[in-house]
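K.L.:
I'd like to ask you about the structure that follows.
There are 2 protein chains.
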Amino acid sequence: VKHWYYETFAEPLVDIERGLYRFFKNRPQVMPLFWEMVTHHFGWSADLETLSPDKVLSGMNGKRSRPLLTLLVAKALTGDYQVALPAALGIEIVHNFTLVHDDVMDKSLERRHRPTLWAKWGSSQAVNTGDGLYSLGIESVCDSMARGVSAERTVEAVRLLTDSCVATVEGQMLDIAFEQRLDVTSEEYITMIEHKSGILIACSTAMGALMAGASPEVQTSYRQFGRSIGIAFQIWDDYLGIWGEPETTGKSASSDIESRKKSYPILVALERAQGKSREKLLSIYQQDQVSAKDVKTVLDILGEVDAVAQTRQMLDVFFEEGLDALADTGIDNTSQERVRELSKFLVARDY
Amino acid sequence: VKHWYYETFAEPLVDIERGLYRFFKNRPQVMPLFWEMVTHHFGWSADLETLSPDKVLSGMNGKRSRPLLTLLVAKALTGDYQVALPAALGIEIVHNFTLVHDDVMDKSLERRHRPTLWAKWGSSQAVNTGDGLYSLGIESVCDSMARGVSAERTVEAVRLLTDSCVATVEGQMLDIAFEQRLDVTSEEYITMIEHKSGILIACSTAMGALMAGASPEVQTSYRQFGRSIGIAFQIWDDYLGIWGEPETTGKSASSDIESRKKSYPILVALERAQGKSREKLLSIYQQDQVSAKDVKTVLDILGEVDAVAQTRQMLDVFFEEGLDALADTGIDNTSQERVRELSKFLVARDY
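Residue numbers (this note's numbering), protein chains in the order written: chain A, 2 to 352; chain B, 2 to 352.
Structural data, given as structure tokens:
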């Protein structure tokens, strides 16, 4: 499946990866440390401008699915995606700013099997690099004007991205506030993931439509599509964090239980479990450490309340909602089919 | 002198403070915590829309000198500053984003005699609030279009602000990297403060000219003026950190020596001191704690190498350079005179 992804989307993915590299490489380097941290974070160890497309693809340290959505939507609407490239890169850069800051907040030591920026350079320089990435993400959106996008549309694109960032930040604030609570409802949780991940994915699809000059109605449909698949994508991530195969997820089985993450299935169980099961669950989620026996207990309780079915059902609800919105765009061509395939891949990504 | 400032600039300062309050108050609040943290940071404890101008001024928790520069420059050029207000607010919001993140990095517990955001809500939520403020600062600049600014000029304004932010971040990265070094030259130090503070002040003055529709040449002169007085302002801050009167600075005497801050006068001493003096100085700046006797020793060495005169001279060089650039704008009227007075006030601010 991973192979399918990099083969099907080879051309736009190479354009994205080289575009990111060029964007950072070509700016004046006041502070060599910034470039060093950026190249480490993006996983660049060679000059991407001279590297063959195959090597660019095989060296990619991330799926770049957000800018890919932007480019595919633009192509579905106009037959070409070059006009949307600077804005697509801006979204990926901003997404990476949020990853760098999230790693500081979550004290994550590794990302994609490599040390995180704060683990290598300290949290201050990681916060700084994140702030710098955010600035440059906005500047990349402004570069759209050099590709013939009008100033009016460029301002709209900046607003679309900054509005989405505010939502992402609010989602992250909710997530951190939830850590202190055991009474978070599954509904509140959906609001949180909508903000923390859904809205930036909605921004990615809406940005493609905006750069392609689509009508406000079509932009709205693409935005709703992105929002819904963004939520479904996060629910699928929660599913894999508990029931995913270690060989395919690259994490230990039940890793989200081990880290006592209050993900969607756990919140379902907290809402549904009664009596002793509920007491046990609450007690395990208040412990500092979780034993193998505790993991087994949690899995049993999840089984009792049928959290698997509920999780899969919610995923389907949002995914279907997304496909309906995609159909509402009224666009039907090969590129649009690619957009649909990509969204399926994102929700059932089994690697 | 403080009285002079709030009296002379009462009208624009009230417009700035109320503008900031309204900007945050009127947006939809997904996350009430964000509004709570923002009001705490800005020091708002009442509804500023109904508060009398006098009370707005006396309650101000910061000088708001950057947006004030923007408004005064716009007024000097066109006789009115309303067109520049959203961009001026954007700069102040972005400046406050950098303060919130700096407090996390420096582990500062208080700002203006009140707990910092990270001290009250933890570093994660403070980083998040800073990120949110940055987004909203850019959005405020985009609001310029509602005051009749063209989309082209609005994109230029966004770029001016994000470019300045990249420079500010690079300055902060340099500052943190310098903490680990004892061989920072006074020249490197000037580059650091130019980036960390000078360029956002340059952005403030250039933004006023841009919003007023000034020619590129006039914009450049105002930018150079802001850059130079920004550097002078920082050197003056370093001067006060060592030789300022506790009654007027609100800090203990020699506070920068106590915290072993490698400010401009100290770097001059590290460059000029010879033999035993140099050894003593290096040894004190490698200690974890600094005694009252050490402070006295450092002050003596600063006296030996005449660091006071060198510091004052550098301040004068940059201040004069700033006034020359201001004269180069070719503007001469009452509002321009106010700009000049404000810059004098910033460099000799003795409270």
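The beta-carbon is built from N, C-alpha and C at its ideal position, and this holds for glycine as well.
1) For I177(A), return the contacting residues in chain B, with the cut-off set at a CB-CB distance below 9 Å.
2) Report yes or no: do three or more beta-carbon pairs, one from the stretch 222-239 of chain A and one from the stretch 319-330 of chain A, lie closer than 8 Å?
3) Ignore the nearest five residues each way along the sequence and tell me which others in P54(B)'s own chain have a CB closer than 7 Å to its CB.
4) Compare the C-beta of A152(A) against all C-beta atoms of chain B and say whether one is closer than 8 Å.
5) With P29(A) as the anchor, note down where its alpha helix (DSSP H) starts and where it stops.
6) Take the Cβ of S59(B) as the centre, count every other Cβ of all protein chains shown within 10 Å, and call the residue buried at 16 or more, exposed below.
7) Can you list, in chain order, the residues of its chain whose CB lies under 8 Å from that of E259(B), leaving out five sequence neighbours each side?
8) Measuring only the C-alpha atoms, how far is H24(A) from S141(A)?
9) Taking the straight line between their C-alpha atoms, what separation do you get for S187(A) and E322(A)?
10) Closer than 8 Å, CB to CB, is L100(B) near chain A or not?
11) Give the C-beta separation of S66(B) and L347(B) to the nearest angstrom, bearing in mind that I take them to be a contact with Cβ-Cβ under 8 Å.
12) Are the beta-carbon atoms of Y82(A) and L90(A) separated by less than 8 Å?
13) Taking C-alpha atoms, which residue in K121(B), I92(B), A88(B) and M32(B) lies nearest to D104(B)?
14) Starting from the N-terminal side, write out each stretch of the beta strand (DSSP E) that is 3 residues or longer and does not extend beyond the stretch 41-115 of chain A.
15) Cβ of Y6(A) less than 8 Å from any chain B Cβ?
16) When you compare the CB of R261(B) with every CB in chain A, is at least one pair closer than 8 Å?
17) Hey, N27(B) and G44(B) are a contact pair by Cβ (cut 8 Å); roughly how many whole angstroms apart?
18) Let me see if you follow: with CB-CB separation under 8 Å, is Y265(B) close to chain A or not?
19) Is there contact between the stretch 127-138 of chain B and the stretch 94-112 of chain B, where contact requires at least three CB pairs shorter than 8 Å?
20) Is the stretch 172-180 of chain A in contact with the stretch 157-175 of chain B, if contact means three or more CB pairs nearer than 8 Å?
21) To the nearest whole angstrom, what separates the beta carbons of T130(A) and V39(A), a pair I think is in contact under 8 Å?
22) Taking the C-alpha atoms as reference points, what is the distance between D144(B) and P87(B)?
23) Please identify the residue among M106(A), S284(A) and G133(A) whose C-alpha is closest to the C-alpha of E37(A).
24) Are the CB atoms of V156(B) and V156(A) within a distance shorter than 8 Å?
25) Would G231(A) count as contacting chain B if we go by Cβ distances under 8 Å?
26) If you draw a straight line from the alpha carbon of R115(B) to that of P33(B), how long is it in whole angstroms?
27) Tell me which residues of the stretch 133-165 of chain B have at least one Cβ-Cβ distance to chain A shorter than 8 Å, keeping chain order.
28) Alpha carbon to alpha carbon, what distance is there between I17(B) and E8(B)?
29) How many Å lie between A47(A) and S205(A) at the Cα?
30) Check the Cβ of S173(A) against every Cβ in chain B and list those closer than 7 Å, keeping chain order.
31) Should W237(B) go down as buried or exposed, given a rule of 16 or more other Cβ atoms within 10 Å for buried?
32) Check whether the Cβ atoms of L49(A) and Y22(A) sit closer than 8 Å, and answer yes or no.
33) List, in order along the chain, the chain B residues whose C-beta lies closer than 7 Å to that of L34(A)?
34) Once DSSP output is grouped into helix, strand and coil, what is the label at F10(A)?
35) Apart from the five residues just before and just after A233(A), which ones in its own chain have a Cβ nearer than 7 Å to its Cβ?
36) I'd like to know if M212(B) contacts chain A, where contact means its C-beta is closer than 8 Å to some C-beta of that chain.
P.N.:
Considering the structure as presented:
1) In the first sequence, counting from the first residue as 1, residue 177(A) sits at position 176. Neighbours of I177(A) on chain B, chain order: G123, S125, Q126 and N129.
2) yes
3) Translated into positions along the second sequence, residue 54(B) becomes position 53. Taken in chain order, the residues that qualify are A11 and V15.
4) In the first sequence, counting from the first residue as 1, residue 152(A) sits at position 151. It does: the Cβ of A152(A) has a partner Cβ on chain B nearer than 8 Å.
5) By 1-based counting over the first sequence, the position of residue 29(A) is 28. Per DSSP, P29(A) belongs to no alpha helix (DSSP H) and is neither H nor E.
6) Here residue 59(B) corresponds to residue number 58 of the second sequence, with the count starting at 1. With fewer than 16 Cβ atoms within 10 Å of its Cβ, S59(B) is classed as exposed.
7) Residue 259(B) sits at position 258 when you count from the first residue of the second sequence. Answer for E259(B): S253, V291 and V296, listed in chain order.
8) Here the question's residue 24(A) lines up with position 23 in the first sequence. Here the question's residue 141(A) lines up with position 140 in the first sequence. The amino acid at residue 24(A) is misidentified as His; the sequence shows Phe. So the two alpha carbons sit approximately 8 Å from each other.
9) As a working note, residue 187(A) is residue 186 in the first sequence. As a working note, residue 322(A) is residue 321 in the first sequence. Cα-Cα distance, rounded: 18 Å.
10) Here residue 100(B) refers to the residue found at position 99 of the second sequence. So, not an interface residue.
11) Taking the second sequence and counting its residues from 1, the one referred to as residue 66(B) is at position 65. Taking the second sequence and counting its residues from 1, the one referred to as residue 347(B) is at position 346. Their Cβ separation, rounded to whole angstroms, is 6 Å, which keeps S66(B) and L347(B) in contact under 8 Å.
12) If you number the first sequence from 1, residue 82(A) lands on position 81. If you number the first sequence from 1, residue 90(A) lands on position 89. No, these two residues do not count as a Cβ contact at 8 Å.
13) By one-based count along the second sequence, residue 104(B) stands at place 103. Measuring from the Cα of D104(B), the nearest candidate turns out to be K121(B).
14) none
15) Locating residue 6(A) in the first sequence gives position 5, counting from the first residue. Answer no: the Cβ-Cβ gap between Y6(A) and chain B never drops below 8 Å.
16) Stepping through the second sequence from its first residue, residue 261(B) is reached at position 260. By this cut-off, R261(B) is not an interface position.
17) Within the second sequence, the letter at position 26 stands for residue 27(B). Within the second sequence, the letter at position 43 stands for residue 44(B). Contact doesn't hold; Cβ gap of about 19 Å is too wide.
18) For the purposes of this step, residue 265(B) is taken as residue 264 along the second sequence, with counting starting at 1. No, its Cβ sits nowhere closer than 8 Å to a Cβ of chain A.
19) yes
20) no
21) Indexing the first sequence from 1 puts residue 130(A) at position 129. Indexing the first sequence from 1 puts residue 39(A) at position 38. With 8 Å as the limit, T130(A) and V39(A) qualify as a contact, their Cβ atoms being about 7 Å apart.
22) If you number the second sequence from 1, residue 144(B) lands on position 143. If you number the second sequence from 1, residue 87(B) lands on position 86. For D144(B) and P87(B), the distance between alpha carbons rounds to 6 Å.
23) Here residue 37(A) corresponds to residue number 36 of the first sequence, with the count starting at 1. If we check each option's Cα against that of E37(A), G133(A) comes out closest.
24) Working through the first sequence from its first residue, we reach residue 156(A) at position 155. Working through the second sequence from its first residue, we reach residue 156(B) at position 155. Going by C-beta atoms, V156(A) is nearer than 8 Å to V156(B).
25) As a working mapping, residue 231(A) is identified with position 230 in the first sequence. It does not; no Cβ of chain B falls within 8 Å.
26) For the purposes of this step, residue 115(B) is taken as the residue at position 114 of the second sequence. For the purposes of this step, residue 33(B) is taken as the residue at position 32 of the second sequence. About 21 Å.
27) G133, Y135, S136, L137, I139, E140, C143, M146, S151, A152, E153, T155, V156, V159, R160, T163 and D164
28) Numbered from 1 along the second sequence, position 7 holds the residue referred to as residue 8(B). Numbered from 1 along the second sequence, position 16 holds the residue referred to as residue 17(B). Straight-line Cα distance between these residues: approximately 15 Å.
29) Taking the first sequence and counting its residues from 1, one reaches residue 47(A) at position 46. Taking the first sequence and counting its residues from 1, one reaches residue 205(A) at position 204. Each residue's Cα considered, the two are about 28 Å apart.
30) Counted from its first residue, the first sequence places residue 173(A) at position 172. According to the sequence displayed, residue 173(A) carries Gln and not Ser. Result: N129.
31) Locating residue 237(B) in the second sequence gives position 236, counting from the first residue. Under this definition W237(B) is a buried residue.
32) Position 48 of the first sequence, counted from the start, is the residue given in the question as residue 49(A). Position 21 of the first sequence, counted from the start, is the residue given in the question as residue 22(A). Going by C-beta atoms, L49(A) is nearer than 8 Å to Y22(A).
33) The residue given as residue 34(A) occupies position 33 in the first sequence. Within 7 Å Cβ-Cβ: M174 and A178.
34) Position 9 of the first sequence, counted from the first residue, corresponds to residue 10(A). Here F10(A) sits in coil by DSSP.
35) Taking the first residue of the first sequence as 1, we reach residue 233(A) at position 232. So the list reads L316, F319, F320, G323 and V348, once near-sequence residues are dropped.
36) Position 211 of the second sequence, counted from the start, is the residue given in the question as residue 212(B). Answer no: the Cβ-Cβ gap between M212(B) and chain A never drops below 8 Å.
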